[in-house]
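Using my numbering, you'd call the opening residue of the sequence shown number 723 and step up by one each time.
Take a look at the structure below.
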Amino acid sequence: MAFKKNYAGIPDKYARIDEAKVVLIPVPYDGTSSWQKGADKGPEAFLEASENMELYDIETRTEVYKKGIYLAPAVSENSSPEKMVEAVHKTTKTYINQDKFVTIFGGEHSVSIGTIRAFHEHFPDLTVVQLDAHADLRPSYEGSACNHACALHEASKKGNLLQVGIRSMDVSEVEHMDENRVYFAQDLYEDWTEDAIGQMTPNVFITIDLDAFDPSIMPSTGTPEPGGLFWYETLEFLKEIFKKKNVVGFDIVELCPNENDKSSDFLAAKLYYKMLSYKFKYENGSEEDEE
């Protein structure tokens, strides 16, 4: 599957693979979600919202699309969760090996098993930062280790995982959780960001399940949970990561679009663009002038 238009409608010269610094891989997969379906429609809704977004970022005073953003063909494998994860892993690794800044838009959170696996192989000292309402640490669920409820289990065993915004989990996940590296939503009123960043290794991959946000600003997710993150506090945390660490890639998952309310689609579009803006503004720990 290939989406016909360039990301955000940018001019062709910024959308070519040979010139682009950024690759965006859509993964329209929703094979294992257990409540509201629709995450497979997430990439399309995200891309439509992106076309209606202003491309000058006021905060960073940049137009990051000029770094080049290549919209890759979608990973459309859906015959099984395991084959989907394998396809995402292979595709992600292909673009990492081309020295691109690789980003992924799901799809449900199980797609992150493949993306994180690829980044772990390339960056052995990796920290995975998970923003999420759910722990996603089950070893398997409904007969598969590639279920959305297992999205971060493999990452938790392979290396340094930090979890932020967690407010829902099963008792079986407790044994797989390092609570010294979990910032539960109920505790985020305290001063926590500096401690969290201090626990990260130099190379960081960020995975954002959009249900990390409070449903008042992000209702269109598969399992909205009360008591979530808000816009500016989340951006401030992300900005500090981009300033102080080498963010090697990120994914955003679990947008379940609602035809009657486009605000969630637009939040996802703005979040993606903000993260790119921070990446290239603060690349290598210093502010980079726009070309």
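In this text, a Cβ means the ideal position worked out from N, Cα and C, and glycines have one as well.
Legend entry - Pairwise C-alpha distance: T943 and E1012: What you label residue 1012 is simply residue 290 of the sequence shown in a count that begins at 1. What you label residue 943 is simply residue 221 of the sequence shown in a count that begins at 1. At E1012, the pLDDT of 44 sits below 50, so the modelled position is not reliable and the matter cannot be decided from this model.
Legend entry - Those residues which DSSP pairs with L793 across a bridge: For the purposes of this step, residue 793 is taken as residue 71 along the sequence shown, with counting starting at 1. L746, per the DSSP bridge assignment.
Legend entry - CA nearest to the CA of K966, picked from L998, Y911, G920: As a first step, residue 966 is located in the sequence shown; it is residue number 244 there, counting from the start. If you compare the alpha carbons of L998, Y911, G920 with that of K966, the shortest gap goes to G920.
Inset, instruction - Indicate whether L960 and I928 have their beta-carbon atoms separated by less than 9 Å. - result: Along the sequence shown, read from residue 1 onward, the residue named residue 960 stands at position 238. Along the sequence shown, read from residue 1 onward, the residue named residue 928 stands at position 206. The answer is yes: Cβ separation under 9 Å.
Inset, instruction - Evaluate Y911 with the Cβ neighbour count: other Cβ atoms within 10 Å of its Cβ, from every protein chain shown; 16 or more gives buried, anything less gives exposed. - result: Here the question's residue 911 lines up with position 189 in the sequence shown. Y911 is exposed by the Cβ-count criterion.
Legend entry - Per-residue burial, M775 [other beta carbons within 10 Å of its own, 16 or more giving buried]: Translated into positions along the sequence shown, residue 775 becomes position 53. Flag for M775 reads exposed.
Inset, instruction - Return the bridge partner residues of Y1000 from the DSSP annotation. - result: On the sequence shown, position 278 is the one that residue 1000 refers to. Y1000 pairs with nothing; no bridge assigned.
Legend entry - Proximity to D973 [Cα-Cα], best of S986, Y994, F1002: On the sequence shown, residue 973 is found 251 positions in, with the first residue counted as 1. That would be Y994, whose Cα lies nearest to the Cα of D973.
Legend entry - CA nearest to the CA of E799, picked from A990, V904, D762, E901: Within the sequence shown, numbered from 1, the residue matching residue 799 stands at position 77. For E799, the closest of A990, V904, D762, E901 by C-alpha to C-alpha distance is D762.
Legend entry - DSSP state of E960 mapped onto helix, strand, coil: In the sequence shown, residue 960 corresponds to position 238, counting from 1. According to the sequence as given, residue 960 is Leu; it is not Glu. Helix, per DSSP.
Inset, instruction - Indicate the three-state DSSP secondary structure (helix, strand or coil) for G865 in the structure shown. - result: Indexing the sequence shown from 1 puts residue 865 at position 143. In the structure shown, G865 sits in coil (DSSP, three-state: anything other than H, G, I, E or B).
Legend entry - Rounded separation between N728 and S834 - CA only: For this step, residue 728 is matched to residue 6 along the sequence shown. For this step, residue 834 is matched to residue 112 along the sequence shown. The straight-line gap from Cα to Cα measures roughly 23 Å.
Inset, instruction - Compute the beta-carbon to beta-carbon distance between V749 and I826, rounded to the nearest angstrom, for a pair I have assumed lies under 8 Å. - result: Stepping through the sequence shown from its first residue, residue 749 is reached at position 27. Stepping through the sequence shown from its first residue, residue 826 is reached at position 104. Between I826 and V749 the Cβ distance is about 6 Å, and since that is below 8 Å, they are a contact.
Legend entry - Inter-stretch contact (C-beta, 8 Å, three-pair minimum) for the segment 890-899 and the segment 935-942: no
Inset, instruction - Output the boundary residues of the beta strand (DSSP E) element that contains I888. - result: Taking the sequence shown and counting its residues from 1, one reaches residue 888 at position 166. That run of the beta strand (DSSP E) goes 882-888.
Legend entry - Spatially closest choice to W953 from F988, G971, F964, N982, by CA coordinates: Stepping through the sequence shown from its first residue, residue 953 is reached at position 231. W953 has its Cα closest to that of F988, out of F988, G971, F964, N982.
Inset, instruction - For N869, count neighbouring Cβ atoms within 10 angstroms of its own Cβ and tell me buried if that reaches 16, exposed if not. - result: Walking along the sequence shown from the start, residue 869 turns up at place 147. N869 comes out buried.
Inset, instruction - Determine the contact status of D936 and V975, defining contact as a CB-CB distance below 9 Å. - result: Numbered from its first residue, the sequence shown carries residue 936 at position 214. Numbered from its first residue, the sequence shown carries residue 975 at position 253. Against a cut-off of 9 Å, the Cβ pair of V975 and D936 comes out as no contact.
Legend entry - Residues near I730 by beta carbon distance below 7 Å, same chain, minus five either side: What you label residue 730 is simply residue 8 of the sequence shown in a count that begins at 1. For clarity, residue 730 is Ala in the given sequence; the question names Ile instead. Hits under 7 Å: S772, E773, M775, L777, Y787.
Inset, instruction - Name the two residues that bound the continuous alpha helix (DSSP H) containing I780. - result: Indexing the sequence shown from 1 puts residue 780 at position 58. From DSSP, I780 is part of no alpha helix (DSSP H); its letter is neither H nor E.
Legend entry - Cut-off 7 Å between Cβ atoms - residues of its own chain near A767, not counting five sequence neighbours on either side: Locating residue 767 in the sequence shown gives position 45, counting from the first residue. Excluding residues within five positions, the ones whose Cβ falls inside 7 Å are L977, P979, D987.
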